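Structure first, commentary second.
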Amino acid sequence: MHKQRTNALVRFYHKLGSPPSFYRISGYFLKWLLLLAIGLTTWGLYDGLVLAPADYQQGDSFRIIYVHVPAAWMSMFIYAVMGVCGVIALIWRMKIAEAVMLASAPIGAWFTVIALVTGSLWGKPMWGTWWEWDARMTSELILLFLYIGIMATYSAFSEDTRKAARMAALIAIVGVFNVVIIHYSVQWWSSIHQGSTVSLTGKQNITWDMLRPLLFMAFATKFYYGYSMLKRARIYLLETESNKRWVQDIIMEKKS
Amino acid sequence: MKPFLALVKRDLTLGLRRKSQIYQPLVFQLLVVTMFPLGLGSGARTLALIAPAVIWILALLASLLTLDQIFKNDYDDGSVESYVLTSYPLPLSVLAKILSHWLLSGLPLVLFSPIIGVLLHLPSSSYGVLMLSLLIGTPIFSFMGSIGSALTMSLKHGGLLLTILVMPLLTPVLIFGASAVVEISLGNSASQPLLLLSGLLILSITLIPFAAAAAIKINLE
Amino acid sequence: MFKPVSFDLAFGQSLLISGPNGIGKTTVLESIAGLRDLQSGGFSFKDSNLDKNKDIWFESSLYIGHKTGNKKELNCLENLRSFLQIQGIDVSETQAEVALEQVGLAGFEYQMAGSLSAGQKKRLALARLLLASFPIWILDEPFVNLDIAGCAWLLAVLENHLNNKGILIITAHDNKTIKKAVTQEIILEPVEI
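Below, the structure is given as structure tokens:
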């Protein structure tokens, strides 16, 4: 009995880690992820832009947090995912981990850009300037540089995709350490310089009606990330395993 | 002779013969520092205000000039194999390379900094902290640079990529280093940023050599 | 890409890896030297698997690749000595001078390696073989750039090494003399796509 159970676990691990299984299994989820993403985004935006009460200090301009905050959360969440994948890819050389990491990078970068742009748009009515160097925005900008660094590393090693992926994984791991240090150093810097600016997400008492759309958007972005990442990861696997049997089989299936 | 010392000795000999690694950053600093009074006006008060930050930024930019040389030459002529294909731990050899780089490029920056300080009217009370902060900070430049150099050593045009990778790593160093000099010039204590800077240095010594060693191994695959 | 290969070598034996240009002879040699990890298959030396720990292999073997590893701003003596010192082998000036004489570089001791000809650079690298007692020599196209006298000298050195129970693994273009001298030969064949 015990032997059967461990065998099943080992088999499950191997199944998950093999590109053909990953490709097949992820294919089932794509449709649902997209539907959930679209559905939750639509509801979340409606809830946040229409249903939620206006803030008594900022009026309607605060509503941009329903895009800004989820985007910022995703920019950090995706980076953490990339860090974990980087470790798995580097130590255990799992192709899937490489695929997920590289697929996530552009998505995370875009979320970072959205967070920066929406943060800037929010800042204009708040402080009157298009940009302020407060702790969060500065950290977010540096995070964008880290994303660019990973993508630039991957594309620099254009002749050898295996080497490119491993280098990118190393940079992702170094970056995770760096993100922590940057977060604390920028916070320290911001505190001693005591800028006249108020932090973007200052302490406000947030009511359930204001919080609810935020949660919807948080889930919506996660599903969107799942959809987009799996899509890109599948393409990466097809490209890098193009000489393997399972890819040839899929191409034959599509043709017939 | 221990491999560590042999590697340092070799690199110092090379550096003293090439000399460019030593004087390039200094010449760069002189050229660029001239632009500040030319751009801002020679008012002593303005210059004194920006001096701490500018000296640190100049040190950072000057370091960027020589960072790729930590490993690029060794990769190009194949001598990197001498410290990879040996039972002597690669992270230790990396440490030797970083030490040599700092002695040739970083230490001169520290010793040259008072001259830049004079040119920018840095308050006289700040010179001690200036040199101390650079003494702790410039080795961290070399450490962070070693990762970038190890990664880009096989690339023909790796300069921009090295800068993209290294800048986020150097940001905390700049924050703490410049703050130390700013604080002392305002008459406050610089001990907190200096301690934080030292913490970064210790963290670098313990972790960075392994990352750079990994980058070298991946590059040689 | 080439078809899978395998080999067994005992002390005193030699292996030649040959094949058409561009097939990956250098890649195979670099994998044997320990610069690259094997994509598939295994490698063991003296009954211990080299996947995890290559230290005993590094201590027993010397690899000389295409890039000779000489620094152009160091002179011949310094190049020879520092290369081996970095590997933990102490070499005195006298020992290095003797080695330089044996490879035909007498008088070039204080000449910068950057000003040497290709053949001289090769000989400077090969001088390392004479100074350290590595049982296993892994050489990538060692005869390239050597003149007739140089080739004859190298052949004698290699034969001497094998007679002293050393192991030799080399790549070379088709050369009847070399083929006759080695124990085994592996010819890399391309995989039909």
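Residue numbers (numbering that gives the first Met the number 0), protein chains in the order written: chain A, 0 to 255; chain B, 0 to 220; chain C, 0 to 192.
Quick reminder that beta carbons are idealized off the backbone N, C-alpha and C, glycines included.
This structure is a prediction, so every number in the text was calculated from the model and none was measured.
With a 10 Å radius around its C-beta and 16 neighbouring C-beta atoms as the bar for buried, classify residue i as buried or exposed.
| i | result |
| --- | --- |
| B/R44 | exposed |
| B/T85 | buried |
| A/F21 | buried |
| C/N78 | buried |
| A/K221 | buried |
| B/D67 | buried |
| A/K94 | buried |
| A/S189 | buried |
| A/M251 | exposed |
| B/M34 | exposed |
| B/L4 | exposed |
| B/G243 | With chain B represented from 0 up to 220, any question about residue 243 of chain B goes unanswered, as that position is not in the structure. |
| C/R80 | buried |
| C/W195 | Beyond the ends of chain C as shown, which are 0 and 192, falls residue 195 of chain C; an answer cannot be given. |
| A/A167 | buried |
| C/G40 | exposed |
| A/E139 | buried |
| B/H156 | exposed |
| C/F10 | exposed |
| C/K2 | exposed |
| B/N218 | buried |
| C/D146 | exposed |
| C/T176 | exposed |
| A/R165 | buried |
| C/Y109 | exposed |
What is the rounded straight-line gap between the Cα of residue i and the Cα of residue j?
| i | j | result |
| --- | --- | --- |
| A/F110 | B/I115 | 42 Å |
| C/W152 | C/A171 | 16 Å |
| A/I141 | B/P167 | 6 Å |
| B/V93 | A/M216 | 47 Å |
| C/I16 | C/K24 | 7 Å |
| A/S195 | A/W132 | Annotation note: pLDDT 42 at A/S195 (below 50); position unreliable, coordinate value reported separately. Those two C-alpha atoms are separated by around 11 Å. |
| B/L39 | C/I63 | 57 Å |
| B/A210 | B/K216 | 10 Å |
| C/D89 | B/K1 | 9 Å |
| A/I149 | C/I135 | 40 Å |
| A/S103 | A/W130 | 27 Å |
| B/G144 | C/E92 | 35 Å |
| A/T128 | A/G26 | 46 Å |
| C/L187 | C/V4 | 8 Å |
| B/S19 | B/L46 | 29 Å |
| A/M16 | A/I24 | The question names Met, but residue 16 of chain A is Gly in the sequence shown. For A/G16 and A/I24, the distance between alpha carbons rounds to 11 Å. |
| C/L61 | B/D76 | 17 Å |
| B/L154 | B/S41 | 43 Å |
| B/S141 | A/F144 | 20 Å |
| B/I49 | A/I191 | 17 Å |
In chain B, which residues lie with their C-beta within 9 Å of the C-beta of residue i?
| i | result |
| --- | --- |
| A/L101 | Near A/L101 there are no residues of chain B at all, since even the closest Cβ is about 15 Å away, more than 9 Å. |
| A/W72 | None at all; the shortest Cβ gap to chain B is about 20 Å. |
| C/E58 | T85, S86 |
Could you tell me which chain A residues have their CB closer than 8 Å to the CB of residue i, listed as they occur along the chain?
| i | result |
| --- | --- |
| B/I309 | Summary: the structure shown does not reach residue 309 of chain B, with chain B confined to residues 0 through 220, and so no result is reported for it. |
Check the Cβ of residue i against every Cβ in chain C and list those closer than 8 Å, keeping chain order.
| i | result |
| --- | --- |
| B/P2 | Q84, I85, Q86, G87 |
Establish whether the CB of residue i and some CB of chain E are separated by less than 8 Å.
| i | result |
| --- | --- |
| B/G40 | No chain E is part of this structure, whose protein chains are labelled A, B and C. |
Which residues in chain C have a C-beta closer than 9 Å to the C-beta of residue i? List them in chain order.
| i | result |
| --- | --- |
| B/L219 | E29, L34, R35 |
Applying a beta-carbon distance threshold of less than 8 Å, which residues of chain B neighbour residue i?
| i | result |
| --- | --- |
| A/I141 | P167, T170 |
| C/D54 | S86 |
Could you name the residues of chain B that residue i contacts, counting a contact when the two beta carbons are closer than 7 Å?
| i | result |
| --- | --- |
| A/I180 | P171 |
| A/V173 | I146, A210 |
| C/G64 | G77, E80 |
Taking residue i as the query, report the chain A residues whose CB atoms sit under 9 Å from its CB, ordered along the chain.
| i | result |
| --- | --- |
| B/G157 | A155 |
| B/I178 | Here residue 178 of chain B turns out to be Ser, not Ile, going by the sequence shown. Per Cβ cutoff of 9 Å: W187, W188, I191, H192. |
- prompt: Got a sec: which bits of the stretch 154–167 of chain A sit with their beta carbon under 7 Å from any beta carbon on chain B, in order along the chain?
  reply: Answer in chain order: A155, K162, R165, M166.
- prompt: At a Cβ cut of 8 Å, what residues of the stretch 69–102 of chain C count as close to chain B, listed as they run along the chain?
  reply: Among the residues of the stretch 69–102 of chain C, those with a Cβ less than 8 Å away from any Cβ of chain B are N69, K70, K71, E72, L73, E77, S81, F82, Q84, I85, Q86, G87, D89, in the order of the chain.
query: Looking at chain C, which residues of the stretch 66–90 of chain B have a Cβ within less than 9 Å of any of its Cβ atoms?
result: For the stretch 66–90 of chain B, the set of positions with a beta-carbon nearer than 9 Å to some beta-carbon of chain C reads N72, D73, Y74, D75, D76, G77, S78, V79, E80, S81, Y82, V83, L84, T85, S86, Y87 in chain order.
message: Give me the subset of the stretch 143–154 of chain A whose CB atoms are less than 8 Å from a CB atom of chain B, sorted by chain position.
response: For the stretch 143–154 of chain A, the residues whose beta carbon sits under 8 Å from a beta carbon of chain B are, in order, F144, L145, I147, G148, A151, T152.
task: Below 7 Å between beta carbons is the criterion; list the residues of the stretch 160–172 of chain B that meet it against any residue of chain A, in chain order.
output: Answer set for the stretch 160–172 of chain B: L160, I163, L164, M166, P167, L168, T170, P171.
field: Meets three-Cβ-pair contact criterion under 8 Å: the stretch 73–88 of chain A and the stretch 173–188 of chain A
entry: Yes: at least three Cβ pairs fall under 8 Å.
- prompt: What residues in the stretch 25–36 of chain C bring their beta carbon closer than 7 Å to a beta carbon of chain B?
  reply: Only A32, G33, L34, R35, D36 from the stretch 25–36 of chain C bring a Cβ to less than 7 Å from some Cβ of chain B.
query: Using a beta-carbon distance cut-off of less than 9 Å, what residues from the stretch 229–244 of chain A approach chain B?
result: Interface annotation for the stretch 229–244 of chain A against chain B: empty, criterion Cβ-Cβ distance under 9 Å.
query: Listed in chain order, which residues of the stretch 2–34 of chain B have Cβ atoms closer than 8 Å to some Cβ of chain C?
result: So the close ones are P2, A5, L6, K8, R9, T12, L13, R16, R17.
query: With a cut-off of 8 Å, do at least 3 Cβ pairs link the stretch 107–123 of chain A to the stretch 63–73 of chain A?
result: Touching, yes.
task: Evaluate the contact criterion for the stretch 153–161 of chain C versus the stretch 127–142 of chain C: three or more CB pairs, one atom per stretch, below 8 Å.
output: The stretch 153–161 of chain C vs the stretch 127–142 of chain C: in contact.
- request: Say whether the stretch 45–64 of chain A touches the stretch 147–157 of chain A, bearing in mind that this needs 3 or more beta-carbon pairs closer than 8 Å, one atom from each stretch.
  value: Contact check between the stretch 45–64 of chain A and the stretch 147–157 of chain A: fewer than three CB pairs, one atom from each, fall below 8 Å, which does not count as touching.
Contact between the stretch 133–145 of chain B and the stretch 99–112 of chain B (3+ Cβ pairs under 8 Å): The answer is yes - the stretch 99–112 of chain B touches the stretch 133–145 of chain B, with three or more Cβ pairs under 8 Å.
message: Three Cβ pairs or more, each shorter than 8 Å: is that satisfied between the stretch 177–197 of chain B and the stretch 106–126 of chain B?
response: Output reads yes: the stretch 106–126 of chain B touches the stretch 177–197 of chain B.
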